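Enquirer: First the structure, then my questions, so here it is.
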Amino acid sequence: MEFVCPDGIRAAVYRQQIIAALDNGIVVAALRFYIKKNRETASLYQFAIQEPYRGKRLLAQMLGLLEIPHVLAQCKEDSIFNDYYMKTGWTRIKTERNLTTWSLDNTSKSIMTTSPQGTRLQE
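Residue numbers are given in this note's numbering: position 58 of the sequence shown equals residue 45, and the series is strictly consecutive.
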């Protein structure tokens, strides 16, 4: 519910810390982030992708827009998201105080193209 909190979204928009992916004007994915002062690392706070758009590297495409070399994310040690991060190329950095920290090398670029069959991503 924190992701759809109007005050949280308003603050993220004001700070330019949100990216949304649209398909025909409908939001199909969104993420909230924070870029650290050194401009070398961003923290991924939250993301959501509608079911039909999953598995198409949409999160990687959106993170690529940040043009930041590294992205960090944390989740609880027993969260199912650890499997997601592992399967999608993130590197496990550490686990402490019940939180697992993941890092993504964000230097590879993906481009999104649209075809009559729908949206697809290419490396």
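Ideal Cβ positions, reconstructed from N, Cα and C, are used throughout, including at glycine. Please read all numbers here as calculations on a predicted model, not as lab measurements.
(1) Helix or strand or just coil, what does DSSP make of Glu38?
(2) At which residues does the alpha helix (DSSP H) containing Lys74 begin and terminate?
(3) Are Ala16 and Ala8 close, meaning C-beta to C-beta below 8 Å?
(4) Assign Gly51 to one of two classes, buried (16 or more other C-beta atoms within 10 Å of its C-beta) or exposed (fewer than that).
(5) For Cys55, does the three-state DSSP call read helix, strand or coil?
(6) Take Gln61 and list the residues in its own chain whose beta-carbon comes closer than 6 Å to its own, dropping the five residues that flank it on each side.
(7) Helix, strand or coil for Gln3? Go by DSSP, reduced to three states.
(8) With DSSP as the reference, label Asp65 as helix, strand or coil.
(9) Take Ile80 and list the residues in its own chain whose beta-carbon comes closer than 7 Å to its own, dropping the five residues that flank it on each side.
(10) I need the straight-line Cα distance from Gln48 to Ser66, nearest angstrom please.
(11) Per DSSP, Lys23 is paired with what?
(12) Could you work out which residue in Ile13, Glu54, Ile36 is closest to Lys23 when comparing CA atoms only?
Expert: The relevant details are as follows:
(1) Helix at Glu38.
(2) Annotation: the continuous alpha helix (DSSP H) that includes Lys74 extends over 68 to 74.
(3) If you check the CB distance, Ala16 and Ala8 come in under 8 Å.
(4) Residue environment analysis places Gly51 among the buried positions, since at least 16 neighbouring C-beta atoms fall within 10 angstroms of its C-beta.
(5) As written in the sequence, residue 55 is Ile, which differs from the Cys given in the question. Coil.
(6) Excluding sequence neighbours, Gln61 sits near Leu86, Thr88.
(7) In the structure shown, Gln3 sits in coil (DSSP, three-state: anything other than H, G, I, E or B).
(8) Three-state DSSP puts Asp65 in coil, outside helix and strand.
(9) Correct list, in chain order: Thr88, Trp89, Ser90.
(10) Near 24 Å, if we compare the C-alpha coordinates of Ser66 and Gln48.
(11) Lys23 pairs with nothing; no bridge assigned.
(12) Per the Cα distances, Glu54.
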